[in-house]
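Colleague: The structure's right below; bear with me while I get my questions together.
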DNA sequence: ATGCGTCATGTAAACCTTTACATAGGTCAT
DNA sequence: ATGACCTATGTAAAGGTTTACATGACGCAT
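Protein chains in written order, with the UniProt record's numbering: chain A, 1 to 343; chain B, 1 to 343.
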């Protein structure tokens with residue numbers, strides 16, 4: 001019921017009155033075939049509706065023109081536009097995009113390697129922050145294809161990385177708060193050894209030091225990147241009674257938790273406390289007060305990463321091993337000068 | 001630099017001392033091969049790290065075990081979890097998932113058909129609400145593969161559909177408002193001929209009629225599904241001075257627009273006006289007031305759709321041509337009894 | 001006339017599977 | 001002893017490309 005036999009290169013060759021080799025050349029290296037012949041071949045192609053069978057082509061060429069994207073959660077709003085960027089660039093260059101949603105499950109990660117070892121994908125984008133589990137199974141040792149890490153670098157590896165400049169972004173964010181007159185600025189991080197956190201905390205420290213503000217360790221708290229942890233961290237500060245005038249959060253989700261905690265305590269934001277996030281995820285503009293944050297150029301990150309990977313596949317050594325894009329300050333309504341500094 | 005020649009079935013056969021046919025059978029139909037032989041083959045496979053070349057397999061079998069997902073915008077928060085559901089089910093059944101982000105661009109839609117006509121995908125999921133442009137190009141007439149439409153049915157076609165029961169969901173939403181005492185309920189729709197809108201409006205009408213409430217045409221407004229259109233529709237009502245006590249919106253984005261408009265006019269929600277959305281997208285719980293809405297079971301929609309498609313590919317006629325899943329009432333803080341009905 | 005280089009095309013191998021058909025050995029009923 | 005059937009395996013074709021190598025025609029310098 002399914003197959004009504006698609007036209008093959010032989011059908012085209014027969015109609016055009018040439019050999020299949022000529023048809024193949026007419027398609028892939030048009031200059032190598034005489035004008036008149038090329039015309040006849042094209043006509044035959046049009047008449048038969050021929051399209052080259054990708055499987056046969058991949059089998060012969062040993063490349064599939066497919067890229068595997070490994071992500072812990074494709075639904076994550078932080079990934080969505082990166083995905084769009086990845087797909088756009090790939091499609092523009094004639095590549096297809098395969099998605100692997102790993103849910104950080106080792107078994108699924110290992111499973112997805114079958115796309116690599118069975119030649120179904122030529123390269124891999126890692127949004128996971130680590131190499132797929134099982135890449136070096138006792139007996140197996142799957143050869144890994146060219147890869148580019150996005151968003152989170154792969155620690156202890158020289159895998160090329162594309163992402164936002166976390167140090168710079170965080171420094172700019174802290175500078176923004178400082179420029180508004182804040183001097184007691186809390187940093188709520190997400191220390192689980194993730195490189196991202198380190199850089200953002202360092203950016204925060206750099207900005208404070210540059211402004212001659214002493215770092216108060218009591219103002220640096222740890223969370224796990226969730227809204228709930230932002231809320232808890234804030235509560236913790238009230239319990240200890242060590243309060244900042246502004247909160248710089250590792251991400252928007254955490255910042256939302258801070259806002260929730262402060263609002264629950266009936267503080268008036270941003271008059272009494274300022275809050276900044278990082279990422280600019282979709283709800284950032286809908287919270288009350290709307291969130292001042294650093295916007296990640298997600299679309300461009302995706303495009304740049306795919307561009308780099310395809311470059312690798314085509315044999316270009318990349319000029320640099322990592323591409324850091326600028327994040328952009330998005331001023332909304334969650335930041336204001338601290339009360340004490342008001343006239 | 002790339003290829004270090006992967007092991008083929010011949011290598012395995014040589015080591016195991018059998019023919020390649022036996023190796024193939026040992027892998028694909030284990031019962032058809034003697035225990036002892038199977039053991040030797042498996043050992044040889046383990047030793048060589050052999051994985052079957054998917055390209056050769058697909059070429060021979062004429063099926064790729066890949067599904068193409070066509071979506072206007074993979075980044076749309078409304079799609080994200082559907083995507084996860086689709087991917088999860090596919091992966092569980094041994095299929096891979098290819099994404100095609102069409103951006104509603106005819107050219108890109110046509111382009112993605114190459115995956116079909118070149119045998120790179122066996123089936124297709126349509127999130128676009130229409131057949132890909134170019135499926136019946138003058139000369140071309142690409143044969144379309146088995147398909148399932150998700151979220152939005154394809155009008156004037158018998159393409160199987162999986163989605164939420166819009167009529168029922170909308171009726172339940174309206175009933176919820178009625179149960180709180182509302183009788184003047186506005187409906188802000190999105191009439192651009194989309195089937196979704198029709199059904200939701202009908203559900204609204206059905207609930208009102210069942211409660212013996214006359215339909216006031218002045219309370220039925222049109223929008224285009226965006227936040228801005230929700231704001232405008234609300235303003236329009238104030239201009240005409242025809243006001244409801246509650247707004248039932250075609251989706252959460254629209255509802256957000258209504259909330260913005262009302263808040264800007266300094267009304268106290270939900271005391272003075274109630275607002276309901278539809279979808280339960282991620283920011284729904286973060287808005288102030290948090291949005292009472294109908295939750296779409298997106299994950300399950302994705303899974304059900306993929307299940308149906310794979311069923312079709314395996315030759316099962318589906319029992320029904322459409323699967324409608326229930327949406328769930330999520331009660332938050334944007335709905336309260338109308339002032340007039342308070343004690 | 002000969003030889004050489006170039007250009008357009010054809011021939012056939014290779015890419016790696018799956019599977020229809022053939023073969024061979026064994027069991028069992030007649 | 002014969003034939004029928006079953007099981008386990010092997011042989012070889014087919015699936016649709018790309019491309020190294022071969023062929024032949026032609027122009028041109030010798």
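Ideal Cβ positions, reconstructed from N, Cα and C, are used throughout, including at glycine.
Classify residue 98 of chain A as helix, strand or coil using the three-state DSSP reduction.
Modeller: If DSSP states are grouped into helix, strand and coil, residue 98 of chain A belongs with the strands.
Colleague: Cα separation between residue 338 of chain A and residue 273 of chain A?
Modeller: Distance between the alpha carbons of residue 338 of chain A and residue 273 of chain A: 7 angstroms.
Colleague: Would you call residue 28 of chain A buried or exposed, if buried means 16 or more other Cβ atoms sit within 10 Å of its Cβ?
Modeller: Exposed, because fewer than 16 other Cβ atoms sit within 10 Å of the Cβ of residue 28 of chain A.
Colleague: Just checking, does the region 223 to 235 of chain B make contact with the region 181 to 197 of chain B on the three C-beta pairs under 8 angstroms criterion?
Modeller: Yes: the two stretches touch, three or more of their Cβ pairs being nearer than 8 angstroms.
Colleague: Excluding the 5 residues flanking residue 206 of chain A on each side, which residues of the same chain have their C-beta closer than 6 angstroms to its C-beta?
Modeller: Only 171 meet the Cβ criterion.
Colleague: Under the DSSP definition of a beta bridge, which residues are partnered with residue 189 of chain B?
Modeller: DSSP output for residue 189 of chain B lists B:222 as bridge partner(s).
Colleague: Just reading off the alpha helix (DSSP H) that residue 312 of chain B is part of, what are its end residues?
Modeller: From DSSP, the alpha helix (DSSP H) with residue 312 of chain B extends over 298 to 313.
Colleague: Counting C-beta neighbours from all protein chains within 10 Å, is the total for residue 46 of chain B 16 or more, i.e. buried, or is it exposed?
Modeller: It is exposed - the Cβ of residue 46 of chain B has fewer than 16 other Cβ atoms within 10 Å.
Colleague: CA-CA distance, residue 36 of chain B and residue 22 of chain B?
Modeller: Going by the C-alpha atoms only, they are around 12 angstroms apart.
Colleague: Starting from the C-beta of residue 229 of chain B, find all residues in its chain whose C-beta is less than 7 angstroms away, skip the five residues before and the five after it, and write them out in chain order.
Modeller: If we look at residue 229 of chain B and ignore the five residues flanking it on each side, its Cβ neighbours are 223, 254 and 257.
Colleague: Could you work out which residues of chain B lie near residue 230 of chain A, taking near to mean beta carbons separated by less than 8 angstroms?
Modeller: Within 8 angstroms Cβ-Cβ: nothing; residue 230 of chain A doesn't reach chain B, min ~13 angstroms.
Colleague: Which of helix, strand or coil does DSSP assign to residue 245 of chain B?
Modeller: Reduced to three states, the DSSP call for residue 245 of chain B is coil.
Colleague: Can you pull the chain A residues whose beta carbon is under 7 angstroms from the beta carbon of residue 256 of chain B, in chain order?
Modeller: By Cβ distance, chain A contributes 286.
Colleague: Rounding to the nearest angstrom, what Cα-Cα distance links residue 123 of chain B and residue 71 of chain B in this structure?
Modeller: Looking at the two C-alpha atoms, the distance is approximately 14 angstroms.
Colleague: Hey, out of B:145, B:330, B:169 and B:294, whose CA is closest to residue 313 of chain B's CA?
Modeller: If we check each option's Cα against that of residue 313 of chain B, B:145 comes out closest.
Colleague: Sort B:335, B:12, B:250 and B:14 by Cα distance to residue 278 of chain B and report the nearest one.
Modeller: When only C-alpha atoms are compared, the closest one is B:250.
Colleague: Between residue 231 of chain B and residue 261 of chain B, what straight-line distance do the alpha-carbon atoms span, to the nearest angstrom?
Modeller: Computed Cα separation, rounded: 5 angstroms.
Colleague: What residue from A:307, A:282, A:67 and A:74 has the CA that sits closest to residue 296 of chain A's CA?
Modeller: Of the candidates A:307, A:282, A:67 and A:74, the one whose C-alpha sits nearest the C-alpha of residue 296 of chain A is A:282.
Colleague: Would you report the Cα separation of residue 336 of chain B and residue 84 of chain A, rounded to the nearest angstrom?
Modeller: Each residue's Cα considered, the two are about 39 angstroms apart.
Colleague: Nearest to residue 263 of chain B by CA position, among A:110, A:289 and A:241, is which residue?
Modeller: Among A:110, A:289 and A:241, the Cα nearest to that of residue 263 of chain B is on A:289.
Colleague: Any idea what DSSP makes of residue 88 of chain A, helix, strand or coil?
Modeller: Helix, per DSSP.
Colleague: Hey, residue 162 of chain A and residue 16 of chain A are a contact pair by Cβ (cut 8 angstroms); roughly how many whole angstroms apart?
Modeller: Actually they do not touch by this definition, with Cβ atoms about 45 angstroms apart.
Colleague: Using the rule of at least 16 other Cβ atoms within 10 Å of the residue's Cβ for burial, across every protein chain shown, is residue 241 of chain B buried or exposed?
Modeller: Classification of residue 241 of chain B: exposed, given that the 10 Å Cβ count is below 16.
Colleague: Would you mind sorting residue 125 of chain A into buried or exposed? The rule is 16 or more other CB atoms within 10 Å of its CB.
Modeller: Its Cβ being crowded by 16 or more others within 10 Å, residue 125 of chain A is buried.
Colleague: With 16 as the cutoff for other CB atoms within 10 Å, does residue 212 of chain A come out buried or exposed?
Modeller: Counting Cβ neighbours within 10 Å, residue 212 of chain A comes out exposed, since fewer than 16 surround it.
Colleague: What did DSSP end up calling residue 161 of chain B once you bin it into helix, strand or coil?
Modeller: Of the three classes helix, strand and coil, the one that applies to residue 161 of chain B here is strand, per DSSP.
Colleague: Nearest by alpha-carbon distance to residue 66 of chain A: which of A:107, A:147 and A:33 is it?
Modeller: The candidate whose alpha carbon is nearest that of residue 66 of chain A is A:147.
Colleague: For residue 128 of chain A, which residues in chain B fall below 7 angstroms Cβ to Cβ?
Modeller: Residues of chain B passing the Cβ test: none, with the nearest at roughly 15 angstroms.
Colleague: Cα separation between residue 154 of chain B and residue 107 of chain A?
Modeller: Rounded to the nearest angstrom, the two C-alpha atoms are 37 angstroms apart.
Colleague: May I ask you to verify whether the region 6 to 16 of chain B touches the region 49 to 62 of chain B, counting CB pairs closer than 8 angstroms and requiring at least 3?
Modeller: With a cut-off of 8 angstroms, the region 49 to 62 of chain B and the region 6 to 16 of chain B count as touching, because enough Cβ pairs lie within range.
Colleague: Going by beta-carbon coordinates alone, are residue 247 of chain B and residue 276 of chain B separated by less than 9 angstroms?
Modeller: In contact: residue 247 of chain B and residue 276 of chain B (Cβ atoms closer than 9 angstroms).
Colleague: Could one say the Cβ of residue 87 of chain B lies closer than 9 angstroms to chain A's Cβ atoms, at least one of them?
Modeller: Yes, residue 87 of chain B lies at the interface with chain A (some Cβ there is under 9 angstroms from its Cβ).
Colleague: Near residue 196 of chain A, which residues of its chain fall below 7 angstroms by C-beta distance, leaving aside the five closest residues on each side in sequence?
Modeller: If we look at residue 196 of chain A and ignore the five residues flanking it on each side, its Cβ neighbours are 152 and 166.
Colleague: Identify which residue in B:129, B:175, B:233 and B:164 has its Cα closest to the Cα of residue 158 of chain B.
Modeller: When only C-alpha atoms are compared, the closest one is B:129.
Colleague: Any beta carbon of chain B sitting closer than 9 angstroms to that of residue 99 of chain A?
Modeller: It does; some Cβ of chain B falls within 9 angstroms.
Colleague: Along the region 41 to 58 of chain B, where does the CB come closer than 7 angstroms to a CB of chain A? Name the residues.
Modeller: So the close ones are 46, 49, 51, 52, 53, 54, 55, 56 and 58.
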